[in-house]
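J.:
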Amino acid sequence: MLNHPRPNKPNSQLTPKGSLSQKTLFQITVCTALIVTVSAIANYMQAISALRNQKLTQLEESVVERVAREQQIFDLAADNHAILKSEILRKFAQPAPANLEEEFNNLLIRYPDGVIRNNPANFDGQRQAGVYIDKSLEITPEIRRKVIDLQRLIESYGSAWHNRFDSTFIMTPENITIVYWPQVPNYVQEADANFYMPQKPEYLVATPENNPQRKTVWTTPYYEPVSQLWLVTASTPVDYNGQTIGTLGHDITLNQLIERTVNNHIEGGYNLIFRGDGQLIAHPDLIDKIQDSTTTVKIQNLQDSNLMNIFKLVKNAPPNQFIIPNYQDDQYLVFRQMPGLNWYFVTVFPRSILRKQSLNFVLTNILIEVILLLSLMVLVWVVLKRQVSAPLQQLINATQKISAGDYNVSLADDREDELGFLAHSFNLMAAEISNRNKELQGTLQNQKMLVHEVTITMNELNSSARGSAEQASKAAVAAKQVLYLIKGDHEYADSYYHDCLQETVNKLADKISDLNNKIVQIGLISTMVSNFANQTNILALNAAVEAVQADHNSGQGFNVIANEIRKLADQSKSSAAEINNLVHDLKKAMSSTVRVTEESQTGFNEVVNGINSIVENSQTISLNINQQSVAIEQVLEMMNDLNVNYEIPR
1 MLNHPRPNKP NSQLTPKGSL SQKTLFQITV CTALIVTVSA IANYMQAISA
51 LRNQKLTQLE ESVVERVARE QQIFDLAADN HAILKSEILR KFAQPAPANL
101 EEEFNNLLIR YPDGVIRNNP ANFDGQRQAG VYIDKSLEIT PEIRRKVIDL
151 QRLIESYGSA WHNRFDSTFI MTPENITIVY WPQVPNYVQE ADANFYMPQK
201 PEYLVATPEN NPQRKTVWTT PYYEPVSQLW LVTASTPVDY NGQTIGTLGH
251 DITLNQLIER TVNNHIEGGY NLIFRGDGQL IAHPDLIDKI QDSTTTVKIQ
301 NLQDSNLMNI FKLVKNAPPN QFIIPNYQDD QYLVFRQMPG LNWYFVTVFP
351 RSILRKQSLN FVLTNILIEV ILLLSLMVLV WVVLKRQVSA PLQQLINATQ
401 KISAGDYNVS LADDREDELG FLAHSFNLMA AEISNRNKEL QGTLQNQKML
451 VHEVTITMNE LNSSARGSAE QASKAAVAAK QVLYLIKGDH EYADSYYHDC
501 LQETVNKLAD KISDLNNKIV QIGLISTMVS NFANQTNILA LNAAVEAVQA
551 DHNSGQGFNV IANEIRKLAD QSKSSAAEIN NLVHDLKKAM SSTVRVTEES
601 QTGFNEVVNG INSIVENSQT ISLNINQQSV AIEQVLEMMN DLNVNYEIPR
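Numbering (the UniProt record's numbering), first residue to last: 1 to 650.
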């Protein structure tokens, strides 16, 4: 029996190892995540750069605005002093009025400590200017005029400027002080007899030695013991005819400046003010130490590395560079110098805040991008599911149906993309496979019918061959008997058995004639076997061609069968050719025998020879017919196996 190839595992039992949509979505997600990561890094770098520039620009603008605002009070003080100085010089250029002594005595009295001060009986320190005259000073008409004129001007202008300046005063070289200070109305009354204004910072800063330009200058912050306040004073010298009349002053309480500096700051940063010599004026962490101390606070003496680093960076900054990175302390320094004061207003801003703000900005963007990415992934998943996975699943189902033998499948091919083209191609392929399968079914059915017919023919051939072999054997036996009779009784035959011999020869002639007819029949059968072999070869060739064309596992088995049939057919054809040759010789011998027998009995020797030839040929015929019978039996066995075991594949 033929062994058919073992079929492969059907498609219905195969399961995909992964989803194309999932793989595509994963690849898109990875690529998009990489893009988002690179974009986030780039955005972070760009954000921190842009935010740094923006923040530092804002800080610089804020510092410039802040310094300009703080500078206004100092500029206003200089303007006020210029106005008052002009008025004093105008007064001193006029003639002295009369009766100043009475007015002087009503306004001022000498106190027990020898100091001349305002008369308490008619003095209101919140509305009038207080006067302090050194106890050792000789009172002359010039002194009286100077005191009266200056007292009137200070009181008049001081009250007008009080909304901006707490105090307005003038100091003279003779140790005369005239002050309008409503917040400290008893200032001159509380000043002791040793009070000596020409030795105070607000006076010394404007002396010709310290202020040769004779302009408005500012003192360093100092502690004023009478008021117990930290002050800074604008001092403007007033000279007339080469002599110093006095020095005008405006006091600014540092408490307000410090409070504004400390409290009004940018978020995350802080402000500080220091002088060019290192004196600390305002600092949020040292405000109590600055205000509570009776001595100045120097940065150099604080042993604060951060403050010292800030001081050095600001002092050593290149010209026109007002933003300095402090890498040591991870800070940015934005500063401006206050003109005329030698003060530095500095805003300190930590770089970490910029990084944090940039990171928050980037994280916000990343969150938005992640949300957009997730939304995109959902959309891509839906699109892939509908546009790719579903058509591919339909294609898989269709292939499984075809694998199961159901060729009645059709995919929607109305799409104008690659999947539509694939569906169209698949439909064409399915139709072609269906047509070829039908053709193969028809071809195999025809082949089965041909095999069946061959089997029947071979059965008939086998029966005929066996009959021919039996008849040939009988003819050989009869010929031997005749030969024996002729050889054994030659003499007796001439006389006694002449008639019997004649009768026997006649019978032999009949038998030979009958054998001749059988031989003709054998020739016809041999011709038919030869034709059948040719037909079998053609059938085997067609089977091989169909096996190549048909994309089916059964083609291999049929190819084996075709090869076997071809071999047996070749063997049958060879045997048939030999039979034809023998039959041809036999026909010649039989014809000669009959002709000799009929013509004359005198050719007995020729008859004997013919009979011997008949015997030999008959034996040969019998042997060849037996061989043919064996070959035909083999063909018949193969045909029976083919007819029984072969099933038409679907």
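We treat Cβ as the ideally placed atom computed from N, Cα and C, and that holds for glycine.
1) In or out: residue 65 buried (at least 16 other Cβ within 10 Å) or exposed?
2) Using the three-state DSSP reduction, which class does residue 326 fall into: helix, strand or coil?
3) Could you tell me the alpha carbon to alpha carbon distance between residue 38 and residue 45, rounded to whole angstroms?
4) Under 8 angstroms, do residue 74 and residue 234 count as touching if we go by C-beta distance?
5) Does residue 115 come out as helix, strand or coil in the three-state DSSP assignment?
6) Rounding to the nearest angstrom, what Cα-Cα distance links residue 52 and residue 358 in this structure?
7) Helix, strand or coil for residue 558? Go by DSSP, reduced to three states.
8) Please report how far the alpha carbon of residue 30 lies from the alpha carbon of residue 392, in whole angstroms.
9) Can you round the beta-carbon distance between residue 197 and residue 175 to whole angstroms, since I take them to be within the 8 angstroms contact cut?
10) Where does residue 209 land, buried or exposed, given buried means 16+ other C-beta within 10 angstroms?
11) Around the Cβ of residue 283, are there at least 16 other Cβ atoms within 10 angstroms (buried) or fewer (exposed)?
12) Which complete alpha helix (DSSP H) runs does the stretch 95-174 hold, if anything under 4 residues is left out?
13) Measure the Cβ-Cβ separation of residue 156 and residue 187 and say whether it is below 8 angstroms.
14) Touch check for the stretch 105-124 and the stretch 136-153: three-plus C-beta pairs under 8 angstroms?
15) Distance check for residue 323 and residue 332, CA to CA, integer angstroms please.
16) Among 281, 347, 517, which has the Cα closest to the Cα of residue 57?
17) What are the partner residues of residue 243, as DSSP defines its beta bridges?
18) Should residue 379 be labelled buried (16 or more other beta-carbon atoms within 10 Å of its own) or exposed?
19) Please give me, in chain order, every unbroken run of the alpha helix (DSSP H) with length at least 4 that falls completely inside the stretch 302-354.
20) Given this structure, state the Cα-to-Cα distance separating residue 395 from residue 40, to the nearest angstrom.
21) Report the three-state DSSP secondary structure of residue 492 (helix, strand or coil).
22) Considering only residues of the same chain and omitting the five flanking positions on each side of residue 191, which have a CB-CB separation below 7 angstroms?
23) Between the alpha carbons of residue 299 and residue 159, how many angstroms are there, rounded?
24) Answer yes or no: do residue 85 and residue 114 have a C-beta to C-beta separation smaller than 8 angstroms?
25) Determine the closest residue to residue 326 out of 307, 229, 102, 341, with distance taken between C-alpha atoms.
26) Look at residue 250 and residue 352 and say whether their C-beta atoms are less than 8 angstroms apart.
27) Which of the three DSSP states, helix, strand or coil, is assigned to residue 544?
28) Are the CB atoms of residue 402 and residue 433 nearer to each other than 8 angstroms?
29) How big is the Cα-Cα spacing for residue 399 and residue 383?
30) Can you name the residues that DSSP bridges to residue 273?
31) Taking the alpha carbon of residue 279 as the point to measure from, which residue in 265, 296, 303, 291 has its own alpha carbon closest?
32) Report the rounded CA-to-CA distance for residue 397 versus residue 464, giving the unit in angstroms.
33) Does residue 448 come out as helix, strand or coil in the three-state DSSP assignment?
34) Using CA atoms only, rank isn't needed, just tell me which of 303, 218, 169 is closest to residue 246.
35) Look at the Cβ atom of residue 202, then the Cβ atom of residue 216, and state whether they are nearer than 8 angstroms.
T.: Straight from the coordinates:
1) exposed
2) strand
3) 11 angstroms
4) yes
5) coil
6) 9 angstroms
7) With a pLDDT of 49 at residue 558, under the threshold of 50, the modelled position of this residue cannot be trusted, and the question is left open.
8) 24 angstroms
9) 6 angstroms
10) exposed
11) buried
12) 100-107, 141-160
13) no
14) yes
15) 7 angstroms
16) 347
17) 240
18) exposed
19) 305-315
20) 42 angstroms
21) The predicted model places residue 492 with a pLDDT of 47, which falls under 50 and marks its position as unreliable, so this point remains unresolved.
22) 132, 226
23) 38 angstroms
24) no
25) 307
26) no
27) Below a pLDDT of 50, predicted positions are generally treated as unreliable, and residue 544, at 47, falls in that range; the measurement from the model is reported next regardless. The answer is helix: DSSP assigns residue 544 an H, G or I state.
28) yes
29) 24 angstroms
30) 282, 345
31) 296
32) 57 angstroms
33) helix
34) 169
35) no
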